[in-house]
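Residue numbers (the working numbering), protein chains in the order written: chain A, 1 to 203; chain B, 204 to 406. Using N, Cα and C, we set each Cβ at its ideal position, and we do this for glycine too.
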DNA sequence: GTCTATAAAGGGATAGAC
DNA sequence: GTCTATCCCTTTATAGAC
């Protein structure tokens with residue numbers, strides 16, 4: 001139950017919470033209303049339908065992810081620092097909303113039509129610019145030649161996967177709740193090490 | 204519509220298809236029945252409830268994943284070959300059921316209670332044995348010292364993430380459907396390279 | 001075993017009072 | 001803006017004929 005906020009904010013906060021926990025299909029308007037401390041009718045008064053309420057929070061969420069990728073590419077800093085900054089800012093953002101990565105991947109995969117138009121990372125991530133950076137670094141003999149697509153998938157996979165699969169990883173690797181935070185902190189070091197080890201593997 | 208199979212098999216095949224596509228909450232018994240070419244009542248005749256039908260296919264699916272991990276650890280082969288074998292067998296298995304990884308991660312995360320008991324990778328993956336291998340290799344000066352947990356998360360993340368986030372990756376990296384297969388084939392080489400580059404980064 | 005018909009419950013949405 | 005009461009369609013599940 002959220003306090004000292006106007007009704008619309010309370011609804012949006014509760015909707016985000018419940019939708020992230022249960023997904024679109026599993027979420028119940030009644031549960032969202034209860035969580036916000038109001039009744040169902042008010043939800044419809046403010047957002048007309050479940051679909052529209054969902055769209056509202058989904059847009060909000062996606063707009064928060066872009067900035068985390070901006071620093072990755074645009075600043076004039078060494079490649080290694082770019083990677084470190086991306087991993088750090090992404091993992092920090094996800095501390096607030098740990099269910100966000102899985103939620104986004106799943107909702108888009110189940111219902112891509114609902115999302116069309118919101119899914120453009122090209123605003124934040126200029127593939128060609130990144131490709132040029134990798135190409136130049138290789139030209140200077142600093143790194144091996146790599147495909148920019150695998151470069152991106154590697155970094156994002158190493159960063160996002162443990163968050164998305166948190167429960168499975170915790171159970172199978174026997175990481176208790178109070179150790180999880182530490183594990184994620186370690187990844188801030190491990191991920192850049194992994195990527196740079198790969199890029200500098202010059203045998 | 205599935206043909207030339209007994210009714211129970213038709214139901215299980217259809218249920219797997221629909222559940223994987225829509226998730227537990229999004230799936231409809233009617234849709235499963237239509238897909239199997241029968242009517243709703245028969246679903247209940249064979250499996251009593253949606254929950255039980257879901258449990259049946261979920262168990263079946265999880266039991267197919269274990270073996271892909273077995274080769275990874277038990278065979279007496281070099282570490283690099285182990286990694287290669289894991290990635291190869293896992294990606295091959297997922298060609299048949301591309302939605303499996305995301306489906307499993309999501310259903311377990313949304314409803315861990317329903318799954319308890321099926322989630323024990325320790326049958327296939329002996330952490331201590333793997334830890335010993337990494338420790339010995341490090342002792343021989345062949346690799347750097349790494350935490351076995353990050354080792355596993357790295358390998359699985361690099362392998363599973365692109366499958367789970369397929370649609371998002373395809374759209375943002377502009378990979379067409381007919382190029383996706385090629386992209387996954389490339390990863391069979393990229394992932395072992397990434398891991399080994401990390402492990403052998405001896406500066 | 002398989003079907004049609006229907007019960008029973010769930011859940012999104014609206015009407016109307018305050 | 002916020003509430004209660006209620007509508008009504010959807011969906012799971014069962015009854016009963018064949």
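| Asked | Found |
| --- | --- |
| Of all Cβ atoms in chain A, is any one closer than 9 Å to the Cβ of residue 211 of chain B? | no |
| Taking all protein chains shown into account, do 16 or more other C-beta atoms lie within 10 angstroms of the C-beta of residue 357 of chain B, making it buried, or fewer, making it exposed? | buried |
| Kindly indicate which three-state DSSP category residue 89 of chain A falls into: helix, strand or coil? | helix |
| Taking the alpha-carbon of residue 362 of chain B as reference, which of B:317, B:394, B:276 has the nearest alpha-carbon? | B:394 |
| Is the beta carbon of residue 36 of chain A sitting closer than 9 Å to the one on residue 15 of chain A? | yes |
| Just the C-alpha distance for residue 305 of chain B and residue 141 of chain A, rounded to the nearest angstrom, thanks. | 38 Å |
| Please classify residue 348 of chain B as buried or exposed, where buried requires at least 16 neighbouring CB atoms within 10 angstroms. | exposed |
| Determine, for residue 292 of chain B, whether the minimum Cβ-Cβ distance to residues of chain A falls below 9 Å. | no |
| Could you compute how far the alpha carbon of residue 112 of chain A sits from the alpha carbon of residue 225 of chain B? | 12 Å |
| Which residue wins for smallest C-alpha separation from residue 353 of chain B, given the options A:175, A:73, A:127, A:70? | A:175 |
| Quick one, are the C-beta atoms of residue 156 of chain A and residue 364 of chain B less than 9 Å apart? | yes |
| For residue 139 of chain A, would you say it is in contact with chain B, using Cβ-to-Cβ distances shorter than 9 Å as the test? | no |
| Where do the N-terminal and C-terminal ends of the alpha helix (DSSP H) with residue 19 of chain A fall, by residue? | 7-26 |
| Does chain B have any CB closer than 9 Å to the CB of residue 54 of chain A? | no |
| If the criterion is Cβ atoms closer than 9 Å, does the pair residue 290 of chain B and residue 369 of chain B meet it? | no |
| So, for residue 399 of chain B: in the same chain, excluding its five sequence neighbours on each side, which residues have a beta-carbon less than 8 Å away from its beta-carbon? | 283, 286 |
| Is any beta-carbon of chain A found at less than 9 Å from that of residue 401 of chain B? | yes |
| Closest to residue 61 of chain A by C-alpha separation, out of A:41, A:99, A:85, would be which residue? | A:99 |
| Along the chain, where does the alpha helix (DSSP H) containing residue 33 of chain A start, and where does it finish? | 29-36 |
| Under a three-way DSSP split, which group does residue 66 of chain A fall into? | helix |
| Using the three-state DSSP reduction, which class does residue 317 of chain B fall into: helix, strand or coil? | helix |
| Anything in the stretch 155-188 of chain A with a Cβ closer than 9 Å to a Cβ of chain B? List those residues in chain order, please. | 156, 157, 158, 159, 160, 161, 162, 164, 165, 166, 167, 168, 169, 171, 172, 173, 174, 175, 183, 186, 187 |
| Find the nearest neighbour of residue 7 of chain A within the set A:47, A:135, A:124, A:20, judged by alpha-carbon distance. | A:47 |
| Where does the unbroken alpha helix (DSSP H) through residue 154 of chain A begin, and where does it stop? | 148-164 |
| Quick check: is the beta carbon of residue 193 of chain A nearer than 9 Å to any beta carbon in chain B? | yes |
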